[in-house]
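Below is one structure, written out as structure tokens; the observations come after it.
Structure, rendered in structure tokens:
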């Protein structure tokens, strides 16, 4: 019996280090590996610092733009450089205008046209995303499902183009502006930075350039026409609307009525 008891004790003792090792996980091995390779340890620390710094800078940038006008976006700069490269007039038409000074007809028009679930979602319309995925299986030209929040995140903070990196950053900035800015500020920025014509950004600049008056006095039809060109303002024209643009304008005006008019945006 004593021999059997001693064998059990020895087995327990021999198993103790491996059990402790399994409980500790892989961190001792990783730590040892890093110590054996000083350059790898320095690289890991550098990457960690860069990630932390990037987060702090982006967070601070978003907080700052909650209160300051968005004077320039990457898209504005890109359009200006294109015009300069083609020896064209590169003047940008833009007039930052507070939300209170913009007709709620145009605010409603862009929501009716671009993102009817805007007041309710948290930056992403998952139902619309699923519908777009299904539709795109049968379409030559894929349709997007970006919300107004996603478009603002892309226009204000990111570059043009398609990549997993840019899409991932779009998700990140969309989450931040929904959390920090709130719906009214997001819509205010969208109405000021959206491309509305050649070298023209924002509804105030479009209203003055194409209608001859401020965005505060936009009619429902005028507002709907601005919204109608937003998918491709370099192809569609507010000043010289095509048959398609006129048809789309009427459709948006009907949607504005179905949504209940300006009251739809009352509680942003």
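Numbering (UniProt numbering), first residue to last: 1 to 268.
In this text, a Cβ means the ideal position worked out from N, Cα and C, and glycines have one as well.
Note that the structure is a prediction, hence the values are computed from the model and not measured.
Which residue spans inside the stretch 187-252 form an unbroken alpha helix (DSSP H) run of at least 4?
-> Taking only runs of at least 4 residues, the alpha helix (DSSP H) segments lying wholly in the stretch 187-252 are 203-206 and 220-229.
Where residue 217 falls, given that 16 or more other Cβ within 10 Å makes a residue buried | By the neighbour-count criterion, in which 16 or more other beta carbons inside 10 Å mark a residue as buried, residue 217 falls on the exposed side.
Give the range of the alpha helix (DSSP H) segment to which residue 39 is assigned.
-> 38-65
8 Å contact criterion, which residue 199 and residue 93 should meet: CB distance rounded = 6 Å
Sheet register partners of residue 94 (DSSP bridge) | 201
For residue 111, the first and last residue of its enclosing alpha helix (DSSP H) | 104-114
Given residue 149 as reference, the closest of 232, 173, 237 and 165 once Cα atoms are compared = Answer by Cα proximity: 173.
Cα separation between residue 66 and residue 180?
-> In a straight line, the C-alpha of residue 66 is about 7 Å away from that of residue 180.
Do residue 154 and residue 128 have their C-beta atoms closer together than 8 Å?
-> no
Hey, how far is the Cα of residue 96 from the Cα of residue 40?
-> 48 Å
Cβ of residue 168 within 8 Å of Cβ of residue 147?
-> no
When the Cα atoms are used, what is the spatial distance from residue 238 to residue 215?
-> 14 Å
Hey, quick one: how far does the alpha helix (DSSP H) through residue 167 stretch, first residue to last?
-> 164-180
Any idea if residue 118 is buried or exposed, counting beta-carbon neighbours within 10 angstroms, 16 or more meaning buried?
-> Label assigned to residue 118: buried.
Anticipated Cβ contact below 8 Å, residue 265 with residue 108, distance rounded | 6 Å
Using a threshold of 8 Å, state whether the C-beta atoms of residue 203 and residue 226 are closer than that.
-> yes
Verify whether the separation of the beta carbon atoms of residue 245 and residue 224 is less than 8 Å.
-> no
What's the call for residue 101, buried or exposed, on a 16-neighbour Cβ count within 10 Å?
-> exposed
For residue 85, which of helix, strand or coil comes out of DSSP?
-> In the structure shown, residue 85 sits in a helix (DSSP, three-state: H, G or I).
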